[in-house]
Every structure is written in C-alpha cells, then in structure tokens.
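Enquirer: Numbering (our numbering), first residue to last: 13 to 608.
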Ligand code: PRX
C-alpha cells in the first residue's frame, strides 16, 4: 500500500532547526507577542498546546469582534461530552464576516461567483453582500423566523446561498445546508430532523451544462415535512417554475426589505449551524457547530494553513453543502475579510482545463480541491494545465481523502510548477476546521507527499493502540484521537447528545475519537490511513454503508443487502452491493431495475 511505502522512507524534519534559529513571531501572529518564551513558530505550536487557554483567549480577543467579552475561555470535559468555549461572550457572526469589513473597505470583493459557464463570473463586494444579507434577514424575520429556529438551505454555490447562511446568522437562526445533489428523500429526512419551518432553494440549478430541477425536488421533499410553512425560491435560471401559496419569490420579496437589519446578540455557544454527515448507521448525524469557537477556528486555519494574505484570491472549489464549503469558501475567508471564489461547475466542464483557466482568469492565489479531481485531471494530460498561466498560485491544498503520491507529485510539479507548497489537510465535519496539515510550520520546512504531517495550533493528536492506551513511540499506527478540546469542534449531534458522546467521547474516555486510523512516522509526522468504522469515502464524499443498504433494500426485488467499499483508482473508493433477491423474483424473466 502506498502509505506503507511512504512510512518507511527516511524523512528529515527541518522545523526544529529553523525553530532554534528563531523567527519574527510577532510579525507572523501579532497576538503571540505576549506569549512567554515564544520566539519561533515551533515554540508557538508547543505553547498553543501546553497553554491552550492563554493561546485561544488571546486569539479570540484579537480576531473576533465581540458585542460583549467572554468571561471564561473554556469549560470542557471530553469524558462527559461537555464542550464550551468563550462563555459569557456575545457576538454576531455576520458582523464579523461583513460589517467590520464594510467599515474599512466597502468596495473590496467578497465573493467571486464562478458560474457554470466559464467567463460569466459575478463579483460581489462586501457592501453588496451585507445589503443582500440584511434584506434577506428582514425577509426571514417578516416570515416569522426567529432566534433558535433552523432554516434549511438547498442551493448550489451562489451569492444568495452565502447571503442566506449569513442572514440566518444575523437574526440568530441556525442554518442547515443540504448539498443540492441530494435526493428528495435525503432532503426531507434532514428537514424533518432539523424541524425547519422555512426552506430556501432556487428554481433550477445548472451544473456541467445540465439543468437540475431543484425546486421540484423540494416540492417532493416537503410533502413529508409538516413543519415547513414557506419555501423561498430564488431564480438561478430564467425558466419559471410552478409556485404555490407556500412559495415565496425570493428576489422580488427581498427588494421590498430594508438594507439595514438589526443583528442579534448571540451567546458564544448558541447554534450557528447543523450539518448532516454520515456515520456508521443509516441515520445521518446533524452535527452542531456554535458561533464563536467555530468562526475563530475557521478564520485562523484559513489564514495560517494556506498563508492567506490580505488581497489574495482564495479558490476553494468545494460545494457549500459540505463542511469544506462552509469553513473555507464562506466563513474562514469572510471572517478574514478575504476574497473567496464560489465554484458552481465541475472540474471537466467544458473541458479538463476548467480549473486552470479559472485560475488564470480570476488570478487565484490559493487553490483548494479534492484528490479525486486531481486524479481525474492528471489522466487527461499536462497540456490542459500548461496552456494556462498559473503564476498567481502560491499554495495548493487537498482535502477529504488520502492523496496518493502520483497525484500529489503531479499537483506539485505540473499544476504548481514546483513553486507552491502542497498542503494535504486532514479534518472532518466534526472538527470544524483543519487539524493536521504541513503548514503553518516554517515556510521552508519539509513537506512529505501524501501526508498531512503536523498538527495545527492547539491540536494535540494521539494514537491509541489495540488495548486502548496512548501509543508513545513513533513509527506506529493506531486510532487517531485528539487529546484536548479546541474551539472549532462540534458540540453535539442535534437531538442526540447521547449518540455524540457514544461516538466521539466514550471509545477513549477523555479523548475525542475521530473514527480514523493514522500512522505516525519516525519523525512524528501523521498520515491518515482511512476510516475504522463502516463509513466509505467515494470521491471525497463520506457515505455510511448502512445508508446505501437502506436505499438498496427499498428496491422491491431486494430481500437483503450488504455494501462494502473497494479501492478505486480515481474515486478513492467505489461501492459494491451484495444483494439477496426475494424468492418470488424470477431473474430470468424480470429485469431488475431499481432507481437508487
Ligand atoms: O476519513 C477522513 C477523510 O474524510 C473524513 C471526514 O469527512 P467529512 O466529514 O465529510 O469531511 C471532509 C472534509 C473535511 C475523515 O474522517 N479525510 C478528510 N481529509 C483527509 C481525509 N483522509 C485522508 N487525508 C485527508 N487529508
């Protein structure tokens, strides 16, 4: 296996050498100036773990705008599943992502909407995004949405989707973004679990030149969602759709609203959003992220893992329906006052040069994508990359699944011309933001292909051996846990705290269990080896085998099924379903067509 061959390599780490030489820590992270004994990035890393409260307190005060300051840095007990950060503090996430930047640079571009058709991008300034958000916040309020409610958003990546997320944050409602590729059934299950009264969607989506009937899917989904009172419908295309009394034409109604919207003062631990993800049972988990800790962690990781500087254009091509889109297309970049790309298309539309043509046209500085797309594109050959100017690129990132050495080397050598560090970032919906990545250790510290390598500030990874004890040696594998809490971590599973503690806190009491296995090299670098539970990862999308079995079993001919993942050289994993048919089914005469 490729990770084993890597693990046996002789690795050299320069970070300690550079650390001893020292660096200007205050220029790197201004709030670190007051940390005792911190004179280098590696000592900053050590400090952030061993003086976690001091570290996070300084960072939270420096990087977030508070309506009233917090009184306690944290109150956490992982063995009990109790996680609280910045208690007593009040803030509003939309003020942090919008108002404070409008104050200093209203005309700075916040969003570049890279629409499906290349060359038709739309730029939205911070002033415009605040206006959209406020109008939408007022509209939601007028339709009775209030603090504590949860709004489901079923939209492709577009400015109105971002404004919808921020409008919820403005008025104190939680959002529940459901990936706009999910079926009506998956959508309705998530709406019901979140008990949403309002759903926001678009008439139709457009992806890879194809029109997708999103409003129709919502119509089907809400038939089994008695809580839904209103469906707001934005117009992504010009094609009209059937509107009922329940449906609200979004743009038209927004224009009737004021451009000022009073922000709700939220407690640090109020819910910011739910995001459903697969676990090892058929029922997806609504992971809960809260206000201050999540935003702070998304902002800090965005700035430091990718070396994001003011004025850079950040291109995360993940959809907003996944945690990557939440943290690195929306909240991290906007909290940092950055310019972020919202990518609506696919890596091969209209041709396999799409990403790199976009990099050239939009002058993207950081590009963040999935290994599955890199593997796909390398098969089409180098000319699709080399015909475009990629000189603006400074950092390349990957997420969601292991990246094999061949794909890593291609990304580094062909896409990045051997100039740009490639950061393989390991994290999960549960962690809120990146936990292990080669940077921000020293800029010239070694990066090993296919390894996430080093923990982020405040993160203390440990490996558990088969007896449930912490493995202390290097060159060893085990169950990956995180030994102390950090602000970005999920707080609970919506309506099921018991499942949260059972899944993440009880397997190794006092530690957060990630569900992943990892290898730690001789040099102490981490490499993720894959899930330890019944979750498979197809093209970077996490799917429970039990979820697929549930769907397969709905086929009338099927009596029983068992699903497993198998190794696939582009998608990472593919799906095999072993099926037992009902006795009454005659396979000779009947064609077995099931719509999954
Ligand atoms: O198994 C790990 C894999 O993706 C899982 C998390 O999936 P999800 O919550 O959908 O979030 C994906 C985007 C953050 C993890 O438990 N995974 C994520 N990043 C990596 C990875 N596997 C290997 N290397 C990575 N860099």
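We put the CB at the ideal spot given by N, CA and C, even for glycine.
I'd like to know whether the C-beta atoms of residue 573 and residue 581 end up nearer to each other than 8 Å.
Expert: Going by C-beta atoms, residue 573 is not nearer than 8 Å to residue 581.
Enquirer: So, for residue 34: in the same chain, excluding its five sequence neighbours on each side, which residues have a beta-carbon less than 8 Å away from its beta-carbon?
Expert: With a pLDDT of 42 at residue 34, under the threshold of 50, the modelled position of this residue cannot be trusted; read the value that follows with caution. So the list reads 51 and 52, once near-sequence residues are dropped.
Enquirer: Report whether the distance from the Cβ of residue 334 to the nearest heavy atom of the ligand PRX is below 7 Å.
Expert: Under cutoff, so the answer is yes.
Enquirer: Regarding residue 412 and the ligand PRX, is the C-beta to nearest heavy atom distance less than 7 Å?
Expert: Yes, the beta carbon of residue 412 sits closer than 7 Å to at least one heavy atom of the ligand PRX.
Enquirer: Under 8 Å, do residue 449 and residue 75 count as touching if we go by C-beta distance?
Expert: Going by C-beta atoms, residue 449 is not nearer than 8 Å to residue 75.
Enquirer: Please list the segments of the beta strand (DSSP E) lying wholly inside the region 430-465, counting only runs of 3 or more residues, in order along the chain.
Expert: Fully enclosed beta strand (DSSP E) runs of 3 or longer: 434-437.
Enquirer: Take residue 196 and list the residues in its own chain whose beta-carbon comes closer than 6 Å to its own, dropping the five residues that flank it on each side.
Expert: Once the five neighbours on either side are set aside, the close Cβ partners of residue 196 are 229, 232 and 233.
Enquirer: Does DSSP classify residue 554 as helix, strand or coil?
Expert: If DSSP states are grouped into helix, strand and coil, residue 554 belongs with the strands.
Enquirer: Considering only the beta carbon of each residue, do residue 123 and residue 81 sit closer than 8 Å?
Expert: No; because the gap between Cβ atoms is not below 8 Å, this pair is not in contact.
Enquirer: Could you work out which residue in 125, 102, 105 and 142 is closest to residue 115 when comparing CA atoms only?
Expert: Among 125, 102, 105 and 142, the Cα nearest to that of residue 115 belongs to 142.
Enquirer: With three or more C-beta pairs closer than 8 Å as the rule, is the region 544-563 touching the region 285-304?
Expert: As far as the Cβ criterion goes, the region 285-304 touches the region 544-563, which means the pair count is three or higher.
Enquirer: For the region 343-355 against the region 526-546, are there 3 or more C-beta pairs whose distance is under 8 Å?
Expert: No: fewer than three Cβ pairs fall under 8 Å.
Enquirer: With DSSP as the reference, identify every bridge partner of residue 473, one or two as the case may be.
Expert: DSSP, once it has assigned bridges, lists 494 as partnering residue 473.
Enquirer: Could you tell me whether the region 415-428 touches the region 442-458, where touching means 3 or more Cβ pairs closer than 8 Å?
Expert: Taking 8 Å as the limit for Cβ pairs, the verdict is that the region 442-458 does not touch the region 415-428.
Enquirer: Please determine, among 166, 175 and 162, the residue with the shortest C-alpha to C-alpha distance to residue 139.
Expert: The shortest Cα separation from residue 139 among 166, 175 and 162 belongs to 175.
Enquirer: Helix, strand or coil for residue 191? Go by DSSP, reduced to three states.
Expert: Note: residue 191 maps to coil in three-state DSSP.
Enquirer: Report, in whole angstroms, the separation of the C-beta atoms of residue 211 and residue 203, which I expect to be a contact under 8 Å.
Expert: Indeed, because the Cβ distance is near 6 Å, the residues count as touching under 8 Å.
Enquirer: With burial defined as no fewer than 16 other Cβ atoms inside 10 Å of the residue's Cβ, what is the status of residue 455: buried or exposed?
Expert: Flag for residue 455 reads exposed.
Enquirer: Please state the DSSP three-state secondary structure of residue 573.
Expert: Residue state, collapsed to three classes: strand.
Enquirer: DSSP on residue 613, reduced to helix/strand/coil?
Expert: Since the displayed the chain opens at 13 and closes at 608, residue 613 lies outside it and no answer follows.
Enquirer: Locate the alpha helix (DSSP H) running through residue 318, then write down its first and last residues.
Expert: Taken as a continuous stretch (DSSP letters only), residue 318 belongs to no alpha helix (DSSP H), as it is neither H nor E.
Enquirer: Could you name the residues of the same chain whose beta carbon sits closer than 7 Å to that of residue 428, not counting the 5 residues immediately before and after it, in chain order?
Expert: If we look at residue 428 and ignore the five residues flanking it on each side, its Cβ neighbours are 405, 408 and 434.
Enquirer: Three or more C-beta pairs closer than 8 Å, one from the region 491-506 and one from the region 302-317: is that the case here?
Expert: At 8 Å Cβ cutoff, the stretches touch.
Enquirer: How close, in whole Å, do the beta carbons of residue 198 and residue 105 come, if the pair is a contact with beta carbons under 8 Å?
Expert: No, residue 198 and residue 105 are not in contact; Cβ-Cβ is about 27 Å, not under 8 Å.
Enquirer: Curious, which full-length beta strand (DSSP E) runs of at least 3 residues does the region 133-212 contain?
Expert: If we require 3 residues or more, the beta strand (DSSP E) runs fully inside the region 133-212 come out as 134-137, 162-166 and 186-189.
Enquirer: Considering only their Cβ atoms, is the gap separating residue 157 from residue 185 smaller than 8 Å?
Expert: Yes, Cβ-Cβ distance for residue 185 and residue 157 is below 8 Å.
Enquirer: For residue 549, verify whether its CB is less than 7 Å away from any heavy atom of the ligand NAP.
Expert: Although the ligand NAP was asked about, the structure shown includes only the ligand PRX as ligands.
Enquirer: What are the start and end residues of the alpha helix (DSSP H) that includes residue 344?
Expert: Where residue 344 is concerned, the enclosing alpha helix (DSSP H) stretches over 344-347.
Enquirer: With H, G and I counted as helix, E and B as strand and the rest as coil, what does DSSP make of residue 384?
Expert: Here residue 384 sits in helix by DSSP.
Enquirer: Taking just the CA atoms, how far does residue 43 sit from residue 67?
Expert: Distance between the alpha carbons of residue 67 and residue 43: 9 Å.
Enquirer: Give a yes or no on whether the C-beta atoms belonging to residue 381 and residue 352 are separated by under 8 Å.
Expert: Cβ distance not < 8 Å, so residue 381 and residue 352 don't count as in contact.
Enquirer: Buried or exposed, going by whether 16 or more other CB atoms sit within 10 Å of the CB of residue 83?
Expert: So residue 83 counts as exposed.
Enquirer: To which residues of the same chain is residue 592 closer than 8 Å at the C-beta, ignoring the five residues directly before and after it?
Expert: Hits under 8 Å: 570, 571, 572 and 573.
Enquirer: Less than 7 Å between the CB of residue 341 and some heavy atom of the ligand PRX, yes or no?
Expert: Not under cutoff, so the answer is no.
Enquirer: Report back the beta-carbon spacing between residue 78 and residue 101 to the nearest angstrom; my notes put them in contact at under 8 Å.
Expert: Rounded, the Cβ-Cβ distance is 6 Å, consistent with contact.
Enquirer: Based on Cα-Cα distance, which residue from 426, 546, 379 and 36 lies nearest to residue 395?
Expert: Checking every option, the nearest Cα to that of residue 395 belongs to 426.
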